[in-house]
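The structure appears below as structure tokens.
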Amino acid sequence: MKISEILQTNKLTVSFEIFPPKQDSAYDAVIGCADELVRFDPDFMSVTYGAGGGTSANTVKIAAHIKDRGITSIAHLTCLSSTTSEVHRIIGELKDRNIENILALRGDRPKDPDFVPPGDYRYASDLIRDIREAGDFCVGGACYPEGHPESGHKDRDLDNLKLKVDAGCSFLTTQMFFDNNMLYSFLYRAQCKGINVPVLAGIMPITNGAQLKRTIELSNAYLPPKFLALVDRFGDSPEAMKQAGIAYATEQIIDLITNGVRGIHIYAMNKPDVVQKIVSNISDIIKAAK
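Numbering (our numbering), first residue to last: 10 to 299.
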């Protein structure tokens with residue numbers, strides 16, 4: 010089923026994201042994680058795509074496994090490090106597996122200082138257009154409530170986002186954020202730019218200090234005083250930090266649903282126990298909102 014159809018039908022969607030293993034030896038463990046998450050009955054699940062396409066084969070296999078378990082899946086596809094032929098090979102594999110949904114991303118630049126991109130794709134909008142021409146896919150895109158780190162200006166970032174939508178992007182998923190006001194402001198500004206596709210709120214439960222450091226490096230997200238106080242108080246106590254991080258994410262989601270946000274996308278980080286506790290905390294709220 011296409012995610013665009015799910016978003017049109019459901020008053021609220023709750024979805025999860027997992028990532029493939031970097032080593033094939035960990036493949037079975039990730040499949041086990043996917044199976045655990047399937048038990049929580051998400052509306053759909055997404056599978057990420059490693060930098061430089063390093064986990065692309067497993068991305069397709071895991072997305073197909075999730076689909077076979079009866080849950081709609083979406084496979085990520087990045088283009089910065091890929092040639093047109095490589096991208097079309099992956100698209101062909103997704104067609105063969107009857108995967109109807111692709112999240113089209115430019116992708117992060119590899120850390121190798123000598124990296125030179127092939128140059129076939131400059132922007133995610135180029136990839137979106139290519140996917141739409143290659144088959145009958147539902148294509149999603151990413152957005153940054155606080156602006157893409159490389160854009161330099163929020164208005165310029167929204168102009169680029171509009172190009173994605175105009176290229177055929179059916180919905181957007183946000184980068185993680187920790188202050189809901191950042192999302193509400195973004196949604197207003199996006200509407201003013203004529204961006205009217207559904208936007209899924211990406212929620213990252215922070216459950217340990219190392220994860221927080223990596224998150225800041227990736228997203229440069231604003232950390233509100235309430236969140237910083239939580240980390241300062243419980244950051245040195247792993248179990249307490251885990252519980253506090255789950256509580257903070259739960260509170261964010263409740264506020265989002267209360268204020269009419271119709272899509273919650275939880276970055277599961279391959280931790281089904283964390284997702285289970287969040288879903289349990291909001292189970293009646295989800296039922297009432299749906």
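Glycine included, every Cβ here is placed at the ideal spot set by N, Cα and C.
Just to check my reading of the structure: K171 and I137 have Cβ atoms closer than 8 angstroms, yes? What is that Cβ distance to the nearest angstrom? Between I137 and K171 the Cβ distance is about 12 angstroms, and since that is not below 8 angstroms, they are no contact.
Anticipated Cβ contact below 8 angstroms, K11 with A298, distance rounded: No, K11 and A298 are not in contact; Cβ-Cβ is about 22 angstroms, not under 8 angstroms.
Where the beta strand (DSSP E) through T267 begins and ends: Premise fails: T267 lies in the alpha helix (DSSP H), P247 to T267, not in any beta strand (DSSP E).
Could you say which of S246, K251, M213 and A219 lies nearest to Y276 if we only look at CA atoms? M213
Would you kindly check if the distance between the Cβ of M54 and the Cβ of A43 is under 9 angstroms? yes
If the criterion is Cβ atoms closer than 9 angstroms, does the pair I80 and P51 meet it? yes
Do I99 and G149 have their C-beta atoms closer together than 9 angstroms? no
Closest by C-alpha distance to D33, when choosing among M185, N67 and L46: N67
Tell whether a beta-carbon distance below 9 angstroms holds between A151 and Q184. yes
Identify which residue in K31, S90, D145 and D164 has its Cα closest to the Cα of Y153. D164
List in chain order: all unbroken beta strand (DSSP E) runs of 3+ residues lying wholly within the stretch 62-121. Complete beta strand (DSSP E) runs here, min 3: 82-87 and 110-114.
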